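Novice:
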Amino acid sequence: MACCAVGAYIVFRFLNIHEKLCTLYPRQDYAERRPAQRPKAVKGTQVSILSLDGLTCASCVSDVEDIIGSIPGVLKATVSLGLLRAQIEFDNDVTEEKIIEFIHSAGYEAHSLPSSDSQSWASLLSMIEEPSNSQKNHISSCQRDFLVATMASVLFFASRSINELWKTENNDINLIAHVAIVMSLLSGSQLHFEAFRSAWHGRRPNMATLASLGIMLALMQAAVDSLETGINGSHHMDLKSIEAIPILSTSVLGGRLLKTILSQRSRVFGSPLSSLVPAMAKVCNKTDQNASIPINMLSPGDSVIVNQGEHIPCDGVVQSIESALVTETWINGSLEPRVVDRGDAVYAGGQVQQGSLACRATACGRSTRLGQLLASVVTAELANSEPQLHCAISWFSSAVILLATSILISYLVLTKSSWADGLGRASALLLAACPCSLSLSVPTCKLLATVRSSKFGVRLVTTYARLRSAAAAQTILFDKTGTLTHGDLKVTHASFSEEWGSSQTQDILWRAVQEIEAGNTHPVARALFQKSPSKLEEKVEWLTTLMVSEIKHELGRGAQAVVTAIQSGSSSTSWKLAIGSRAYIESLGVSVDLSQTPVKIRTGITTTVVLAMDDKQAAVFVLEDKVRSDAHQVIRQLKDLGLTIGMITGDNAASATSVAREVGIDSDMVFANALPEEKCRTLARFLQRGPAIYVGDNYNDILCFASASFSICVAGSDMKSVDDDCADATLISSETPPLSRIPLMIRLARHMSGIVTQNHCWAVVYNILSVVSVLGMGGIGPPSPVWSSIGMGLSSVVVLWNSSRVNDGQLS
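Per the numbering used here, the sequence shown starts with residue 337, numbered consecutively.
Written as structure tokens, this is what we have:
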């Protein structure tokens, strides 16, 4: 009873922790799934993606892969528990219908995804949205079974305690005890069904098989005892012989529920990218009227209208324009929009920040650059392998069943013991050696690692296999912009010509810049506007009469205006001002000289802005992206942990080298001018040497997030929602600098991995000792099924206690 209560308390405590985590970091509710389809076939072979149902654990994944792989003609099969999908490559000797028939014959459900145009968005979006509701239904079923088993255990032991207290045998109370036993058996009906289905289809035994056999043998022992006592004049079942059933049911179902909840919170890397795909597209027809159509109906050649704030639904070429700024963060990782003109290429997923544009679609759906990236993300997700612990459990379960069968046969053939003794000994072995503690270690440690990481501002949504890879990683690769740097442009240097070098004349320039750039959303304009107040002298009274008129902005290039300073005596002076990029100022016929800007600053330049007055250079402003204050210290700490540090960025080599030099990254580990696909290829080279961690912040890093052994996202301004689960770990808002949490995360992964190893060692030692005790070796008497089930429960408690140390101890 006490063991049962402790087990129930522990399970409910962990469920409470999980609910708190879900409240703090709720899952995003994605739209209803759209029909998916088969991918395009390769010559000589076919590739099919099937929707699966009935998968509850990694053992099911292994079974389905083995079933599909055994079909003649199947070349490769990959099953994803998180996506509930099977990707199968097969030749012309086998059909998709035959594969589905094989899966059905094994007791699982499989469905062919509805076919449609293979280039449409539907083939990708359905793959990266939320898996089917069968996972949630399975969790609800496990919760219901555990609650029934707990209630049955309370009723059974309460009735037994009443009889023991009053030293009597009340038939009504005994009836309650028998009803509780029936409730325990019914609560485990799904467990028994899975064990029966596994045996019926010839699969490898697992924990469900051991638990079901142990319960059934205990029930058979009670029946044999009842039959023997009935021959001696008694006509009721001895409750002592079946009191192990409610204990075992509660322990097994509680552990099953805990493991199911922790393992079913799957992660789909492409979800943030899918949010860049609009549901509708606005198309201009032949009569010059705009019509909104579903994005899946969009075809190459269509004329598409994209207004301010909308995402571009296709790859295309700009036809007409009212001046537009387009942000393509997922491609280049930059927060700064680019100006697009007639004839420029634009890409699906880009967002129009200012203005509007009309473009002719050149690629739609899967054929776009965004579609190809999404396809790569899905492929990487399907390739992720689950932990192989279930293989060891299957072999262990087979050995225990074989040993229990041998014990039962030996009792019946070689000894004069009764059937009840043989059944009791076999049941005790199955109950004592049930590897529940072995299976509880990983999900429990992962949950506690999630709790621990949340305390120092890290949202952890990943699998144990990837956490273990983080612990074993030897290389960590950083993105630059927004990761090692803040991602915000700042004016770090200003130089003025001799004519405009005095304090008063500089104030005129800063005041003019403030007036011109007020309300402009361009990052460069915003940085200049924010810098102006700190440069103005408050006591310059005549600045209040400064007038800026005839302001004309040229989107993405610069601005022109007329500046008039009215001085004392009503005299005034006017200048023609121009401010913008070097190319823009030179296009106005102004000679630009950057020699006053120190070479050291120019090598790390992000953006140079030139200001001209009356067609003469007056000032040069340098805007840089500051390196995070904790970057250098974090890099040093990571090196102390034995990690090799590298940087992969889409920025130019000069800027990347400057940042690498400042934070302490070796120059030979800097990879610049890399697009998302090139970043992934660079990462793949390091993955060939062993596990590698990738740290980024933008949509263009998501492919690397999916491909890396472990990924960390620094939540930036373009990814404000941390509900997207784009990486294994997300550095959310906290009082501490974000990068300083990366060494803590790696230490936590190593700490957790060590505790899991300890738990596995304990589970192996316990199961060996339990087998030895049941066999009666070393003069130890064999335990009863009751003590065997209690021992199994205590073994799980030891694992849970040791796992709780993940949430303790110093990581710094």
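Beta carbons: idealized from backbone N, C-alpha and C, even for Gly. These numbers come from a predicted model, not from an experiment.
Of all the options SER1047, ASP1033, GLU646, which has the alpha carbon lying nearest to the alpha carbon of ARG804?
Specialist: It is SER1047 whose Cα lies nearest to the Cα of ARG804.
Novice: Measuring CB to CB, does VAL688 end up less than 8 Å from VAL642?
Specialist: The answer is yes: Cβ separation under 8 Å.
Novice: Taking 8 Å as the threshold, find out whether the segment 804-821 comes into contact with the segment 1080-1097 through three or more Cβ pairs.
Specialist: They touch, by the three-pair rule.
Novice: Buried or exposed: where does HIS537 fall if 16 or more other Cβ atoms within 10 Å of its Cβ makes it buried?
Specialist: Per the 10 Å Cβ criterion, exposed.
Novice: For a quick check, are the C-beta atoms of LEU820 and ALA1028 less than 8 Å apart?
Specialist: Not a contact, by the Cβ cut-off of 8 Å.
Novice: Shortest alpha-carbon distance to LEU706 belongs to which of TRP731, SER610, ARG964?
Specialist: Answer by Cα proximity: SER610.
Novice: Using a beta-carbon distance below 8 Å, is ILE1038 in contact with chain D?
Specialist: In the structure shown, chain D does not exist; there is a single protein chain.
Novice: Nearest by alpha-carbon distance to VAL884: which of SER908, SER477, VAL956 is it?
Specialist: Checked all of SER908, SER477, VAL956; the closest Cα to VAL884 is SER908.
Novice: Just checking my contact of ASP651 with THR704 at CB under 8 Å: how many whole Å lie between their CB atoms?
Specialist: The Cβ separation is near 5 Å, so the contact holds.
Novice: Where does ASP508 land, buried or exposed, given buried means 16+ other C-beta within 10 angstroms?
Specialist: Exposed, since its Cβ has fewer than 16 Cβ neighbours within 10 Å.
Novice: Nearest CA to the CA of LYS936: which residue from ALA919, THR980, ALA990?
Specialist: Answer by Cα proximity: ALA990.
Novice: Let's test the definition: count the other Cβ atoms within 10 Å of the Cβ of ILE844 and tell me whether it reaches 16, buried, or not, exposed.
Specialist: By the neighbour-count rule (16 or more Cβ atoms within 10 Å), ILE844 is buried.
Novice: Between the beta-carbon of ILE743 and the beta-carbon of ALA762, is there less than 8 Å?
Specialist: Yes, these two residues count as a Cβ contact at 8 Å.
Novice: I think VAL825 touches VAL860, with their Cβ atoms under 8 Å apart; what is that distance to the nearest whole Å?
Specialist: The question names Val, but residue 825 in the sequence shown is Leu. About 6 Å separates the two Cβ atoms, so the contact holds.
Novice: Using the three-state DSSP reduction, which class does THR821 fall into: helix, strand or coil?
Specialist: Residue state, collapsed to three classes: strand.
Novice: Using DSSP with H/G/I as helix, E/B as strand and the rest coil, what is GLN526?
Specialist: Looking at GLN526 - three-state DSSP - the assignment turns out to be helix.
Novice: Helix, strand or coil, according to DSSP, for ASN1009 in the structure here?
Specialist: It is coil, neither helix nor strand.
Novice: Near LEU864, which residues of its chain fall below 6 Å by C-beta distance, leaving aside the five closest residues on each side in sequence?
Specialist: Within the same chain, LEU864 has close Cβ partners VAL849, GLU853.
Novice: How would you write the range of the alpha helix (DSSP H) that CYS620 sits in, first residue to last?
Specialist: Careful: CYS620 lies outside any alpha helix (DSSP H), inside the beta strand (DSSP E) at 616-620.
Novice: Per DSSP, which one or two residues make a beta bridge with THR933?
Specialist: In the DSSP output, where bridge partners are listed per residue, THR933 has none listed.
Novice: Going by the beta-carbon positions, is the gap between VAL1142 and ALA785 smaller than 8 Å?
Specialist: Taking 8 Å as the Cβ cut-off, VAL1142 and ALA785 qualify as a contacting pair.
Novice: So, is LYS1056 buried or exposed, given that buried needs 16 or more other C-beta atoms within 10 angstroms?
Specialist: Low confidence applies to LYS1056: its pLDDT is 43, below 50, so where it sits in the model is not reliable, and the reading given next is rough at best. With fewer than 16 Cβ atoms within 10 Å of its Cβ, LYS1056 is classed as exposed.
Novice: Taking Cβ positions, are ALA697 and VAL640 nearer each other than 8 Å?
Specialist: Contact: yes.
Novice: In the structure shown, what three-state DSSP assignment does GLN842 receive?
Specialist: DSSP places GLN842 in helix when its eight states are reduced to three.
Novice: Does the segment 999-1008 come into contact with the segment 1095-1103, if we say contact requires no fewer than three beta-carbon pairs (one atom in each stretch) closer than 8 Å?
Specialist: Contact between the segment 999-1008 and the segment 1095-1103 is absent, because fewer than three Cβ pairs lie under 8 Å.
Novice: Give the C-beta separation of VAL1092 and SER777 to the nearest angstrom, bearing in mind that I take them to be a contact with Cβ-Cβ under 8 Å.
Specialist: Confirmed, about 5 Å.
Novice: HIS447 bridges to which residues according to DSSP?
Specialist: In the DSSP output, where bridge partners are listed per residue, HIS447 has SER387.
Novice: State buried or exposed for GLN1024, treating a residue as buried only when at least 16 other CB atoms are found within 10 Å of its CB.
Specialist: It is exposed - the Cβ of GLN1024 has fewer than 16 other Cβ atoms within 10 Å.
Novice: Short check: CB of VAL560 to CB of LEU411, under 8 Å?
Specialist: No, Cβ-Cβ distance for VAL560 and LEU411 is not below 8 Å.
Novice: Quick check on the DSSP output: the beta strand (DSSP E) that includes PHE426 runs from which residue to which?
Specialist: Run containing PHE426: 421-426, per the beta strand (DSSP E) assignment.
Novice: Using the C-alpha atoms, what's the distance from SER1131 back to LEU765?
Specialist: For LEU765 and SER1131, the distance between alpha carbons rounds to 14 Å.
Novice: Looking at SER746: is its Cβ nearer than 8 Å to the Cβ of LEU546?
Specialist: Cβ atoms of SER746 and LEU546: not closer than 8 Å.
Novice: Helix or strand or just coil, what does DSSP make of GLY590?
Specialist: It is helical.
Novice: Consult DSSP for GLN866 and reduce its assignment to one of helix, strand or coil.
Specialist: It is helical.
Novice: Looking only at its chain, what residues have a beta carbon closer than 8 Å to the beta carbon of ARG972, apart from the 5 residues adjacent to it on each side?
Specialist: Taken in chain order, the residues that qualify are GLY1000.
Novice: Pull up the DSSP beta-bridge partners for ILE641, would you.
Specialist: In the DSSP output, where bridge partners are listed per residue, ILE641 has LYS618, ALA694.
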